[in-house]
Amino acid sequence: MRVGIVVFPGSNCDRDCARAVAEVSGRPAAWIWHKDRDLGGADLVIVPGGFSYGDYLRCGAIARFSPVMEEVVAFARRGGPVIGICNGFQILTEAGLLPGALMRNVGLKFICQDVHLSVGDTGSPLLGGYRPGQVVRMPVAHADGRFHADAETLSRIEGEGRVAFRYCDAEGRVGGPSNPNGSLAAIAGIVSPGGNVLGMMPHPERAAEAILGGTDGRALFVAALSRAA
Amino acid sequence: MTTATEPAVTPELVASHGLAEAEYRRIVELLGRPPTYTELGVFSVMWSEHCSYKSSRIWLRTLPTQGPRVLQGPGENAGAIDIGDGLAVVFKMESHNHPSFIEPYQGAATGVGGIMRDVFTMGARPVANLNSLRFGDPRSPRMRWLVEGVVAGIGGYGNCVGVPTVGGEVSFHPSYDGNILVNAMTVGICRADRIFRGIAAGPGNPVMYVGSRTGRDGIHGATMASEEFSAESESKRPTVQVGDPFTEKLLIEACLELMEEDAIVAIQDMGAAGLTSSSVEMAGRGGTGLDLDVARVPRREAGMSPYEVLLSESQERMLIVAARGKEDVVTQVFRKWDLEVETVGVVTDTGRWRIFDGDRVMADIPVPALTDAAPVYERPCAEPADREATRLVPEVPDPGDFGEALLAVVGDPSVASKRWVWRQYDHQVQTGTVVGPGGDAAVIRVDGTQRRIALTSDCNPLWVQLDPFHGAAGAVAEAARNLACVGAEPLGITDCLNFGNPERPEIMWQFREAVRGMSYGLDQLSIPVVSGNVSLYNETEGRAILPTPTVGMVGLVEAGVEPVGSAFRGPGRIVALLGDVGGQLGASHYLRVAVGVELGRPPVVDWERERAVHAACREAIRAGLLESAHDLSEGGLAVALAESCVGRHDAPPVGADVYAPAPPELRDLELLFGEGHGRVLVSLPREAWDAVQAICARAGCPLNWLGETSADALRIARKLPTDPYATTETLLHVSLHSLAARYHGGFVEALGFEGGLA
Amino acid sequence: MKARVYVTLRQGVLDPQGRAVLHALSSLGFDQVRDARIGKYVELEIADGPRDEAEKAVREMARRLLANPVIEDFRVEIPGEGEAR
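See below:
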């Protein structure tokens, strides 16, 4: 089992993801440099958070054209598991691996806070560590996390059961003030039709150890790592 | 010397460079001839207050800088302290006040960028940022714009670079109306045996420029920071630098990668006065000379003169003295990260700083003329004449309702929750934040050791105004107390000394007394200063800010110590006070907020008591006996209780029934809102009481049982010392709902921001 | 030659920045403002050549990188001879 973490110039959650992987599996992850043209034999690819290329034009817009993304797209099309977290989610939508777009938060400000998430019934093995309907807690940290898609796309995502996470309150109620960024249908994460590509704004790697204030993110890494084994 | 294309050096030109006549005469004497235009610009920045510390240096020398753990004291890019396990913590605080007042977003952002470079230039990966922010009247639209811009700028830069912003201070006082303070602090970690310094050694070694290209931004930022504000400086906007956090992130990774190789002899950030000060300071420390060719400096704009290239303050640039023959290694690493890299000069043994533009010599100055020979002034000091008058406190009647008074103080924007601010900062990236913002001190875990570091910044500027000596000493005591509240032992401080115009004797007196007080406090607690920064001329049209010597303190939490926060965890716990019940109203926050009076003598630290309280608090936390610990500061006991009840935004509030054992002569108002040093509010399970009592007895720390946590409200009554079972009527009764609403909504309401309690 | 690319949010896509500007303008007393939309303006300096080819290339740049078709529209301008550059 090999976990590859893509490193773009400006990635800043790459080391955090590696740490979470090591915490869960006891094994180091490998770095995949943005200029590389192969994934180094990775069985699971993580596209981490950060500000790739400064995100100056549009979050993820430039990263998707980096050489490594061609390989990530090909890997995903072959059914390989790919997880995009925060900026990684933005990059996966820009690359067309996931539908929709992530836009400026409705409050216009960067927000760093814990959120509650209701787990969707996707059937994705990447979410195998959670029960559908389970409420989990982990942080978000972004300025551009408002999920948007046109009506047709949204109904397709909903119809195909591809919503991985929705923002909710501690009791699991979706909607209202528990949606921190104004995301459409309170969507915090989605999966590809095959369930092998997951994009999410919240940071499971920041909720992988009790000392950091929560462990609800661990199950994601556990499931992803066993899927990739 | 070829100067055909440069303006002639006239008395007017000299004056416009901010140099006094006597200073100019000294320059001519040192050079043995009049300076060229380029040289005049160089002297002007190197002898500016900002770079030379000419007014403050003689007093800074009196600060304690030694300690068994100190690896690097003041004088380098940042200070370094040994934390064991082969690791060092590297930190510094710096002001970016003037640029932030002119352009808050970019001013604050580049302040954060600059201080981070000071830390990673030492070889340390930045692991945390803190910010001490002082604003004026929150009701003014301009101040709201400044608050929004500064906070967004700090977040915009730190979030992108991926360094968590974990703590700091935000407070308001009208003295900052025309001159806000933005003091940024960065903390980094490196191997204790691999600290990089800015000492240009080894004649023949190449001098390499890395990072961003040079533009015209920020030219003469250093002299701007050494002048008072006037309406005119508002129009100096173009001199403000623009930050590029993305490039900074690349620069961090490239520098740390290069530091793994044996290629660097010396390295320094191009901060204030850019290429000039970085090269001069490195040569000065090395006792060497430097030859630089400005024609080889990568540029962003066409047609820049040598003067402009030398004085540009373009951001995200570093100067490296490489080991001869290792140029390719340096070049390779920086190319990998898509950064500029160029050999621009060479270390010499001439002791001269020589600037070439191709073949032409543009400046030729003995290095010591720019460093050691820079003027040092012992400016006159005078105690303000009205000082006695400020010490008298008027008779203050009791308020009609103590509960209402508490709500007013808790909702004051300087006291209320700053979550609106730190929610905009990524305070978790790097997954090291064990205790984040909003408490007494932040705690960060460190890779490669089970120990953790604790961080805080503190200053009560009103106390310093009313008594600079005891106010500054008190800032040291409070910072150490905040560290004790998370179980940490102080390691050292960085300071950021913000004052008015030093040419005014009463300001210079404030400065001298504050430095004396700080030294005294540090000696009392055996804490060294390892780095710092002085910001003078913080005044507008003759009105100075409150003197604000900010203390940034770093402490060590030993392995196995579980973190405690400042908030109560649930009902049914004992609430107790380490230290004495009581306090004084003079110079208190209550007087300021509820009565509108800023008078009195600030409290004086009883150092023996202070040490005992810190020791007892740390020991009880290490033993795992406490559930919360919270320093009593602004607003005294009542505010500390309120904060422990409703301080957490993400957990249900907890009430408390308090029966405070107060001596009969203590007024109710003093009991509730009186301020003083050496007091920590704690909560603990009932079964831990005996053990905590034993620890306090050993440490010589008074322990007062105050009551118990409850489910519904904060109630405070007096317990009569004459009869341990008798209490007075309830003095104060506030519902948790209204307390939480004021505490969590006060800041946003005072500033008129949207978002309410969110 | 110069090429200008205007990137704007598509109709119906929520624009909180535009809304904030609208709110600020009306609080400054500019009551006549009915709506405000925020977009991006990109100025490109490109090698001289036939105008229609340049326009085609710039449109391609906008389609692939400068705008995200999921949320944004774009408009390309290449000032001709005699127009302000």
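Keeping their order, the protein sequence lines are chains A, B and C.
Numbering-wise (the numbering used here), the first sequence opens with residue 1 and increments by one.
Numbering-wise (the numbering used here), the second sequence opens with residue 1001 and increments by one.
Numbering-wise (the numbering used here), the third sequence opens with residue 2001 and increments by one.
Heads up, the beta-carbon is just placed ideally off N, CA and C, and yes, glycines get one too.
- Separation of R1592(B) and S1633(B) (C-alpha to C-alpha, rounded to the nearest whole angstrom) is 14 Å.
- Three or more Cβ pairs drawn from the region 1635-1647 of chain B and the region 1407-1415 of chain B lie within less than 8 Å of each other, which places the two stretches in contact.
- Rounded to the nearest whole angstrom, the C-alpha separation of Y53(A) and A1201(B) is 36 Å.
- Residue state for G214(A) is assigned as strand, using DSSP reduced to three classes.
- Against chain B, a Cβ distance below 7 Å from F51(A) picks out C1160 and F1246.
- In the three-state scheme derived from DSSP, where H, G and I count as helix and E and B as strand, Q2032(C) is classed as coil.
- Proximity of the region 73-93 of chain A to the region 129-137 of chain A falls short of the contact definition, fewer than three beta-carbon pairs being nearer than 8 Å.
- A2020(C) belongs to the set of residues whose beta carbon lies under 8 Å from a beta carbon in chain A.
- The Cβ of P2016(C) sits closer than 8 Å to at least one Cβ of chain A.
- Of all residues in the region 1326-1343 of chain B, only W1337 and D1338 place a beta-carbon less than 8 Å from a beta-carbon of chain A.
- A76(A) and S66(A) have their C-alpha atoms spaced approximately 16 Å apart.
- The region 1548-1558 of chain B makes contact with the region 1491-1511 of chain B: 3 or more CB pairs, one atom from each, lie closer than 8 Å.
- DSSP places V1415(B) in the coil class of the three-state scheme, outside both helix and strand.
- In the DSSP annotation of this structure, the continuous segment of the beta strand (DSSP E) that includes L1684(B) starts and ends at V1680 to L1684.
- With its beta carbon less than 8 Å from one in chain B, F110(A) belongs to the interface.
- In this structure, S118(A) lies away from V191(A), with their beta-carbon atoms at least 8 Å apart.
- Annotation for M1208(B): the continuous beta strand (DSSP E) segment containing it runs P1206 to G1211.
- Using a CB distance cut-off of 8 Å, I2078(C) does not count as an interface residue toward chain A.
- Linking P1652(B) to V1658(B) through their CA atoms gives a straight-line distance of about 19 Å.
- For G84(A), the enclosing beta strand (DSSP E) starts and ends at V82 to I85.
- Within chain C, the residues V2013 and I2071 have their CB atoms less than 7 Å from the CB of H148(A), given in chain order.
- L1546(B) and N1460(B) have their C-alpha atoms some 9 Å from each other.
- P81(A) places its beta carbon 8 Å or farther from that of A170(A).
- Membership of M1093(B) in the beta strand (DSSP E) is indicated by the continuous run L1087 to S1095.
- When beta bridges are read from the DSSP output, R1512(B) appears opposite no residue.
- Ranked by Cα distance from I211(A), the first of V72(A), A20(A) and V3(A) is A20(A).
- Annotation: Cβ neighbours of L2065(C) in chain A (cutoff 8 Å, chain order): L57, A61, I62 and F65.
- Under the rule that a run must span 4 or more residues, the alpha helix (DSSP H) segments found entirely inside the region 136-180 of chain A read 151-159.
- Close to A141(A), with beta-carbon spacing below 8 Å, are these residues of chain B in chain order: N1159, D1426, Q1428 and V1429.
- Within the same chain, Y1037, T1038 and G1041 come within 7 Å of Y1307(B) by CB-CB distance, once the 5 residues on both sides are set aside.
- Between the beta-carbon of E1539(B) and that of N1179(B) there is about 6 Å, and that keeps the pair under the 8 Å contact cut.
- In this structure, DSSP gives T1550(B) an extended state, which the three-state scheme calls strand.
- According to the DSSP secondary-structure assignment, D38(A) is paired through a beta bridge with no residue.
- A1514(B) places its beta carbon less than 8 Å from that of A1472(B).
- The C-beta of V1280(B) has 16 or more other C-beta atoms within 10 Å across all chains shown, which makes the residue buried.
- Its chain contains P1399, A1405, A1408 and V1409 as the residues whose beta carbon lies nearer than 7 Å to that of A1594(B), once the 5 sequence neighbours on both sides are disregarded; these appear in chain order.
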